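Chemist: Let me give you the structure first, and then I'll get to my questions.
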């Protein structure tokens, strides 16, 4: 059974009771920061609360592992929009211990694709077109490695302004404790 009917029912009540009023803000981040972080469910509420962010304070970009897999993908585009169009003046990449991306095996994932009905010819065609599954499904050995990979890709991006600081943190997904991996104090 789908979760959608219960979500829609809750939403109607939420709007009718005007509970949205507690969250009203605009599209510009009040603290002028963009955060690239993992989509892990443990971080959904913990991360903003552990850093003192309230609704409207930051732009949050989430993906698997807070990893930029390609310099011109949607996560990087979102960071560029946050900086150039929405006023972000700092970027923070936040990974976390126990991330599922440390366990991803690209070969195993490709096997799961075919187990779920994806024709092996599709995967072969993608590979022959230059889409390398090992790179596309890139994992990392520890959270620190993943964070530094993304920090470096952002800093080296040809369209990213050199004066915008890019910091890297790792979070404990149980306590919310933050470890600083790299602080960047370029003028910005």
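In the numbering used here, the protein residues as written are 90 to 277. Where is the CB? At the ideal position from N, CA and C, for every residue including glycine. Predicted model only: the values in this text are computed from it and were never measured.
Are the CB atoms of residue 232 and residue 188 nearer to each other than 7 Å?
Modeler: The Cβ atoms of residue 232 and residue 188 lie closer than 7 Å to each other.
Chemist: Secondary structure at residue 152, three-state DSSP: helix, strand or coil?
Modeler: strand
Chemist: On the DSSP letters alone, give me the boundaries of the beta strand (DSSP E) that residue 92 sits inside.
Modeler: That residue, residue 92, is in no beta strand (DSSP E); it is neither H nor E in DSSP.
Chemist: Name the one or two DSSP bridge partners that residue 183 has.
Modeler: 126 and 258
Chemist: Could you say if the region 196-209 and the region 126-142 meet the contact criterion of at least three C-beta pairs nearer than 8 Å?
Modeler: no
Chemist: Quick check: what's the CA-CA separation for residue 247 versus residue 112?
Modeler: 36 Å
Chemist: To which residues of the same chain is residue 148 closer than 8 Å at the C-beta, ignoring the five residues directly before and after it?
Modeler: Excluding residues within five positions, the ones whose Cβ falls inside 8 Å are 118, 122, 123, 124, 167, 171, 175 and 177.
Chemist: Does the Cβ of residue 227 have 16 or more other Cβ atoms within 10 Å, making it buried, or fewer, making it exposed?
Modeler: buried
Chemist: Would you mind working out which of 201, 195, 240 and 230 sits nearest residue 224, comparing C-alpha positions?
Modeler: 195
Chemist: Can you confirm whether residue 164, when its beta carbon is compared against all beta carbons of chain B, has any partner nearer than 7 Å?
Modeler: Reference to chain B is not applicable here, since this structure consists of a single protein chain.
Chemist: Sort 173, 110, 95 and 185 by Cα distance to residue 144 and report the nearest one.
Modeler: 110
Chemist: Assuming residue 157 and residue 242 are in contact, meaning their beta carbons sit under 8 Å apart, how far apart are those beta carbons, in whole angstroms?
Modeler: 5 Å
Chemist: Would residue 240 pass as a contact of residue 199 if the rule is Cβ separation under 7 Å?
Modeler: no
Chemist: In the DSSP assignment, the alpha helix (DSSP H) including residue 192 goes from what residue to what residue?
Modeler: Boundaries cannot be given for residue 192, as no alpha helix (DSSP H) includes it and DSSP labels it neither H nor E.
Chemist: Quick one: what's got a C-beta closer than 7 Å to residue 202's C-beta in the same chain, skipping five residues either side?
Modeler: 212
Chemist: Ordered along the chain, which non-local residues of its own chain (more than five positions away) have a Cβ less than 6 Å from that of residue 278?
Modeler: The question about residue 278 has no answer here: the residues shown for the chain are numbered 90 through 277.
Chemist: If you draw a straight line from the alpha carbon of residue 297 to that of residue 197, how long is it in whole angstroms?
Modeler: Nothing about residue 297 can be read from this structure; the chain reaches only from 90 to 277.
Chemist: Which term fits residue 165, buried or exposed, when burial requires 16 or more other beta carbons within 10 angstroms of its beta carbon?
Modeler: buried
Chemist: I need the DSSP call for residue 207, collapsed to helix, strand or coil.
Modeler: Judged by DSSP in its simplified three-state form, residue 207 adopts coil rather than helix or strand.
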